[in-house]
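Engineer:
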Amino acid sequence: MELELQPLNLPSDNPRPFIIAGPCSAESEEQVMTTATQLAKKGCHMFRAGVWKPRTKPGGFEGHGEKALPWMQRVRQETGMLTAIEVATPEHVELALRYGIDILWIGARTTANPFAVQALADALKGVDVPVLVKNPVNPDLELWIGALERINGAGIRRMGAIHRGFSSYDKKIYRNLPMWQIPIELHRRIPNLPIACDPSHIGGRRDLIAPLCQQAMDMGMDGLIIESHCNPDAAWSDASQQVTPDILDYILSILVIRDKVVSTENIVALRKQIDEIDDALIDLLAKRMRVSREIGQYKKEHGMTIVQTSRYSEILDKRGAQGSLMGIGADCIKQIFESIHEESVRQQVEVMK
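In the working numbering, the protein residues as written are 471 to 823.
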């Protein structure tokens with residue numbers, strides 16, 4: 471299904487990136503207005519705040535709900551900023567529209583549930599409002615695209631995606647793994663879909679926000695949605711990943727925004743070299759598979775099993791070390807040779823038949 475899209479037309483001083491900023495949660499009218507006023511003075515045009523907060527476990531602050539919506543109205547009236555909130559149920563949509571919220575987004579947990587997304591799509595029929603869809607919690611591009619298609623199928627044309635990273639049991643540097651290849655593939659599949667990055671949720675720590683913002687720009691993303699609080703250390707939710715409006719302004723001031731499309735002669739020549747090398751790689755892979763089929767024939771004739779685990783381990787260890795010595799990440803080499811081995815096995819299975 472091809473999405474029918476119109477430009478988001480979100481306000482911005484520059485073509486790229488558009489910025490949506492504000493606290494994780496709308497805690498009080500004073501906190502909302504103080505943060506919004508400070509952000510507006512820094513030139514921010516769009517204000518976000520969590521009105522309904524889905525928490526991993528019960529017992530934490532889960533938002534004020536409808537009580538906070540008049541605070542968002544006041545932000546719009548007194549600062550001129552557009553307002554943005556997360557919606558997770560048809561009732562949320564109805565209330566958001568009733569209070570004149572300008573931008574809606576669908577959270578990661580909701581995106582992962584097609585039933586919930588369809589219920590939101592049904593509630594949005596006949597409405598003209600920008601809707602941003604976060605990636606699902608798990609790294610599933612088709613699920614993400616499916617959610618976008620459901621919302622688009624309801625007649626929503628001003629749409630965008632939000633990359634907030636993917637959950638992992640093994641927590642290392644990031645709260646959520648960036649897995650940049652997934653939003654990059656989303657852009658390849660739907661080139662005219664704006665994609666914003668959420669460095670707050672990817673990093674989970676305020677010291678990671680600046681480098682993640684720069685990475686997002688280097689990846690060609692269109693916008694940033696960043697959690698900013700007037701007093702982050704006292705925040706009622708996700709305190710560690712929020713920054714003050716002053717710090718946010720500094721982070722944005724040092725961003726390097728590079729052109730998405732470069733057509734100089736130098737890069738054209740370099741890309742031609744890449745194409746030639748890729749052609750040679752494919753030719754070498756084809757030769758390797760021919761040898762794999764010959765090995766498969768030998769195994770068939772001598773009653774040997776296809777997978778020889780000791781040999782496979784030897785290949786992974788040897789090629790990983792070799793790649794590291796040549797400046798290629800060991801994980802990258804491991805993934806490449808796992809894919810090559812999988813195809814070799816498939817070829818030998820065909821021979822065995």
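Idealized CB from N, CA, C, for every residue including glycine.
Just how far apart, CA to CA, sit S638 and G690?
Structural biologist: Working through the sequence shown from its first residue, we reach residue 638 at position 168. Working through the sequence shown from its first residue, we reach residue 690 at position 220. Approximately 25 Å between the Cα atoms of the pair.
Engineer: When you compare only the Cα positions, how much space is there between M759 and I747?
Structural biologist: Mapped onto the sequence shown, residue 759 falls at position 289. Mapped onto the sequence shown, residue 747 falls at position 277. Between M759 and I747, the C-alpha separation is close to 18 Å.
Engineer: Using only the alpha-carbon positions, how far apart do Q711 and R645 sit?
Structural biologist: Looking up residue 711 in the sequence shown gives position 241. Looking up residue 645 in the sequence shown gives position 175. For Q711 and R645, the distance between alpha carbons rounds to 10 Å.
Engineer: Counting Cβ pairs closer than 8 Å, one from the stretch 715 to 734 and one from the stretch 521 to 530, do we hit at least three?
Structural biologist: A contact between stretches requires three or more CB pairs, one per stretch, nearer than 8 Å, and the stretch 715 to 734 fails this requirement with the stretch 521 to 530.
Engineer: The alpha helix (DSSP H) with A800 in it runs from where to where?
Structural biologist: Taking the first residue of the sequence shown as 1, we reach residue 800 at position 330. First-last of the alpha helix (DSSP H) with A800: 800 to 822.
Engineer: So the candidates are L656, S783, G535, L594; which of them puts its Cα closest to the Cα of R620?
Structural biologist: Counting from one through the sequence shown, the residue named residue 620 turns up at place 150. Residue L594 is the option with its Cα nearest to R620.
Engineer: Taking the DSSP output, what are the residues bridged to E697?
Structural biologist: Taking the sequence shown and counting its residues from 1, the one referred to as residue 697 is at position 227. DSSP links E697 through a beta bridge to G492.
Engineer: Using a Cβ-Cβ cutoff of less than 8 Å, which residues in the same chain neighbour M542 once the five nearest sequence positions on both sides are dropped?
Structural biologist: Walking along the sequence shown from the start, residue 542 turns up at place 72. So the list reads A496, V502, F517, A519, V521, T553, I555, Y569, I571, once near-sequence residues are dropped.
Engineer: Can you give me the start and stop residues for the beta strand (DSSP E) that I576 sits inside?
Structural biologist: Indexing the sequence shown from 1 puts residue 576 at position 106. From DSSP, the beta strand (DSSP E) with I576 extends over 573 to 576.
Engineer: Name the two residues that bound the continuous beta strand (DSSP E) containing R518.
Structural biologist: Taking the sequence shown and counting its residues from 1, the one referred to as residue 518 is at position 48. Following the DSSP letters along the chain, one finds R518 inside the beta strand (DSSP E) bounded by residues 516 to 518.
Engineer: If you draw a straight line from the alpha carbon of P609 to that of D688, how long is it in whole angstroms?
Structural biologist: Within the sequence shown, residue 609 is the residue found at index 139, counting from 1. Within the sequence shown, residue 688 is the residue found at index 218, counting from 1. Note on geometry: alpha-carbon atoms of P609 and D688 lie some 21 Å from one another.
Engineer: Can you check the stretch 533 to 611 for any alpha helix (DSSP H) of at least 4 residues that lies completely inside it and give the ranges in chain order?
Structural biologist: 539 to 549, 560 to 568, 578 to 581, 584 to 594
Engineer: With contact counted as at least three CB pairs below 8 Å, one residue from each stretch, are the stretch 647 to 666 and the stretch 690 to 706 in contact?
Structural biologist: yes
Engineer: Taking the beta carbon of A825 as the centre, do at least 16 other beta carbons fall within 10 Å, making it buried, or is it exposed?
Structural biologist: The displayed coordinates of the chain run from 471 to 823. Any statement about residue 825 would go beyond what the structure contains.
Engineer: Does the beta-carbon of G625 have 16 or more other beta-carbons within 10 angstroms, so that it is buried, or is it exposed?
Structural biologist: One-based indexing of the sequence shown puts residue 625 at position 155. When all chains shown are included, G625 counts as exposed.
Engineer: Would you kindly work out how many angstroms separate the C-alpha atoms of D801 and G635, rounded to a whole number?
Structural biologist: Working through the sequence shown from its first residue, we reach residue 801 at position 331. Working through the sequence shown from its first residue, we reach residue 635 at position 165. Whole-angstrom Cα-Cα distance: 19 Å.
Engineer: For R645, which three-state DSSP category applies?
Structural biologist: Taking the first residue of the sequence shown as position 1, residue 645 is located at position 175. Coil, per DSSP.
Engineer: Checking 7 Å against the spacing of the C-beta atoms, do I652 and L611 come in under that value?
Structural biologist: Walking along the sequence shown from the start, residue 652 turns up at place 182. Walking along the sequence shown from the start, residue 611 turns up at place 141. Closer than 7 Å, so yes.
Engineer: Can you tell me the Cβ-Cβ gap for P606 and T581, rounded? I've got them flagged as a contact below 8 Å.
Structural biologist: In the sequence shown, counting from the first residue as 1, residue 606 sits at position 136. In the sequence shown, counting from the first residue as 1, residue 581 sits at position 111. About 4 Å separates the two Cβ atoms, so the contact holds.
Engineer: Tell me, please, which residues DSSP counts as bridged to M629.
Structural biologist: Position 159 of the sequence shown, counted from the start, is the residue given in the question as residue 629. DSSP lists V601 as partners of M629.
Engineer: Check whether the Cβ atoms of G793 and I803 lie closer than 7 Å to each other.
Structural biologist: Numbered from 1 along the sequence shown, position 323 holds the residue referred to as residue 793. Numbered from 1 along the sequence shown, position 333 holds the residue referred to as residue 803. Yes. Within cutoff.
Engineer: Can you give me the C-alpha to C-alpha distance between K742 and A756, rounded to a whole angstrom?
Structural biologist: Locating residue 742 in the sequence shown gives position 272, where the first residue counts as 1. Locating residue 756 in the sequence shown gives position 286, where the first residue counts as 1. CA-to-CA, the gap between K742 and A756 works out to about 21 Å.
Engineer: Determine the DSSP secondary structure at Q832, reduced to helix, strand or coil.
Structural biologist: Past the edges of the chain, shown from 471 to 823, lies residue 832, and the structure says nothing about it.
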